[in-house]
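Please read the structure below before turning to the comments.
In this note's numbering, the protein residues as written are 1174 to 1729.
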């Protein structure tokens, strides 16, 4: 697909496109391709059986991006916030996980659709659409989001090493700078085997929490009530909700998913694009459903054990100071003495696999905004060195407890950063200039905007009330308090104005490219249905395929 920016003022889709798709993933109702008029009767076959096999094979070719993205929903940051939510609020914040993952499914599907329909990922479209100063601001914010997402992986890996070898947390933080580089270097010996190993280790953690949940038997009524009855009770509940949402819905995941789908060859036709969007929706839905079950299991286990009557004083102390480093006691009912080792190995795998996806996100963000490419190990080393700095300082000064608190803070930073990736995605998804006839339906966009505005309003409310409360109760000298207020309040105003600017700014740049019509009618029809042809024209030549993204280690 052409990468040049098209400066036109109108989009007039050709009749080939029909009436548009209007979907998160539009479903083609005519699943069976029409037979060619040149086919002889002896070439006819069972269309239903062949269509089912064909669709299954096609679905497998699209699997990969959704599962890689879903790793971020069960990373150390999620584990830490889930443990805190269960220990402090029992089952009351399960509704946040439900709403967060429903919202995540919608916006991840929008991101996948954007990449498939435009042939460009989100950061590239931001570069084309926004003026230079805004482009650099969005790039910096995206980079900060990648670093904030990397901090929990650094600390989670350090905690895992601490559990396995009893080394200090700060020493583990230093070692994490090399561990992911080693993992990336091993990809040359078999990426699929490496990804399978990581997935199996993370599956071990999921199975352990499911087994523990079956053992402790959380009250079903309380769990269901927590899922469907929103509550915010207790001190710090709002802050923990923001941290939960920030850990679940990460800004860099939107950039990542819109780019990962470009590693698949999708013919530039309405039929093929609709199929691709549908398969990506199915894959993301399954992967996020599994992530939802894992998150619910972690909160349920933590909430049940820490709220049970007649618990020992040791358990009470552990629950009061619960973090990633002390969580293995939650699995003792199932794993016994081996709980610490198995938990640490799974936590190590979670941190490392999440870091790999963060490295790819940073690569796409840098390539899209700045048209700058770096080797993966260089990119990883740069991001990891920046993420190590605050993690190292906090772990030295505050120890394990301070490092665990830094995970919560980084998750809150991600929540505050989300609008600067979400609003461009929602704007582009509803723009004829960007999506042509594939722009999404008003209903999906209305739901997305309501949830997005709600999250943003929640963030602004918490940010303003928490800061005002801190100023009122601060023990600092009045001069210092006034000075901090003079700095922070204008920054809060800039934050709000930037969100308003992104929301109400009209898109002006057209990047949608009309599909190329082939000269031969039969070849055109075959390309529409993703079939081979016998007319000497290879439709693969007309497939928009991003060669610069072809080295992503995904299943072929």
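C-beta atoms are modelled at their ideal positions from N, C-alpha and C, and glycine is treated no differently.
Reduced DSSP secondary structure (H/G/I, E/B, other) of residue i
i: residue 1686; result: coil
i: residue 1613; result: coil
i: residue 1597; result: helix
i: residue 1463; result: helix
i: residue 1428; result: helix
i: residue 1670; result: helix
i: residue 1294; result: coil
i: residue 1270; result: helix
i: residue 1663; result: helix
i: residue 1402; result: coil
i: residue 1409; result: coil
i: residue 1265; result: coil
i: residue 1492; result: helix
i: residue 1484; result: coil
i: residue 1547; result: coil
i: residue 1238; result: helix
i: residue 1654; result: helix
i: residue 1422; result: coil
i: residue 1638; result: helix
i: residue 1681; result: coil
i: residue 1507; result: helix
i: residue 1438; result: coil
i: residue 1497; result: coil
i: residue 1521; result: helix
Minimum C-alpha distance to residue i - residue among the options
i: residue 1426; options: 1676, 1646, 1660, 1598; result: 1598
i: residue 1461; options: 1311, 1277, 1567, 1649; result: 1277
i: residue 1346; options: 1616, 1579, 1595, 1551; result: 1579
i: residue 1333; options: 1592, 1673, 1523, 1605; result: 1523
i: residue 1322; options: 1249, 1458, 1654, 1616; result: 1249
i: residue 1348; options: 1336, 1327, 1518, 1337; result: 1327
i: residue 1641; options: 1626, 1662, 1233; result: 1662
i: residue 1532; options: 1521, 1507, 1519, 1560; result: 1560
i: residue 1432; options: 1676, 1674, 1239, 1675; result: 1239
i: residue 1434; options: 1244, 1228, 1257, 1283; result: 1283
i: residue 1237; options: 1563, 1659, 1602, 1436; result: 1436
i: residue 1581; options: 1414, 1289, 1539; result: 1414
i: residue 1551; options: 1562, 1568, 1529; result: 1529
i: residue 1458; options: 1251, 1275, 1677; result: 1275
i: residue 1268; options: 1614, 1585, 1466, 1487; result: 1466
i: residue 1585; options: 1544, 1600, 1545, 1633; result: 1633
i: residue 1447; options: 1287, 1622, 1628; result: 1287
i: residue 1674; options: 1589, 1596, 1564; result: 1596
i: residue 1567; options: 1257, 1343, 1231; result: 1343
i: residue 1670; options: 1630, 1682, 1681; result: 1630
i: residue 1270; options: 1281, 1255, 1263; result: 1255
i: residue 1373; options: 1624, 1659, 1521; result: 1521
i: residue 1477; options: 1389, 1397, 1251; result: 1389
Neighbourhood of residue i by C-beta, 6 Å cutoff - its chain only, sequence neighbours within 5 removed
i: residue 1208; result: Residue placement at residue 1208 is poorly supported in this model, since its pLDDT is 43, which falls under 50; the coordinates still yield a value, given next. Nothing meets the Cβ criterion.
i: residue 1594; result: 1424, 1427
i: residue 1200; result: Low local confidence applies: a pLDDT of 34 at residue 1200 is under 50, so the model's placement there is unreliable, and no value is given.
i: residue 1193; result: Here the model assigns residue 1193 a pLDDT of 38, short of 50, so the residue's position is not dependable, and the following value carries that caveat. 1610, listed in sequence order.
i: residue 1336; result: 1513, 1517
i: residue 1638; result: none
i: residue 1496; result: 1577
i: residue 1479; result: 1260, 1492
i: residue 1234; result: none
i: residue 1665; result: none
i: residue 1464; result: 1243, 1246, 1247
i: residue 1312; result: 1542
i: residue 1502; result: 1491
Sequence-distant residues of the same chain with beta carbon closer than 8 Å to residue i, five excluded per side
i: residue 1657; result: 1644, 1649
i: residue 1505; result: 1512
i: residue 1320; result: 1556, 1559, 1560
i: residue 1620; result: 1279
i: residue 1563; result: 1324, 1579
Nonlocal neighbours in the same chain, by C-beta distance under 7 Å from residue i, ignoring five residues either side
i: residue 1510; result: none
i: residue 1273; result: 1417, 1418, 1421, 1422
i: residue 1291; result: 1298, 1607, 1608, 1684, 1685
i: residue 1730; result: No information on residue 1730 is available, as it lies outside the stretch 1174 to 1729 that the chain covers here.
i: residue 1508; result: 1381, 1515
Residue i beta carbon near the ligand ZN (any heavy atom closer than 6 Å)
i: residue 1562; result: Of the ligands one can find in the structure shown there are none, so the ligand ZN has no counterpart to examine.
Cutoff 7 Å: residue i Cβ touching any chain D Cβ
i: residue 1322; result: This model lacks chain D altogether; it includes just one protein chain.
With a floor of 4 residues, list each alpha helix (DSSP H) that falls wholly inside the region 1300-1340, ordered by position along the chain. 1305-1338
Give a yes or no on contact between the region 1381-1391 and the region 1462-1471, applying the rule of three or more CB pairs nearer than 8 Å. yes
Decide yes or no for the touch test of the region 1397-1407 against the region 1566-1580: beta carbon pairs closer than 8 Å, at least 3 of them. no
What runs of the beta strand (DSSP E), each 3 residues or longer, lie entirely inside the region 1554-1597? none
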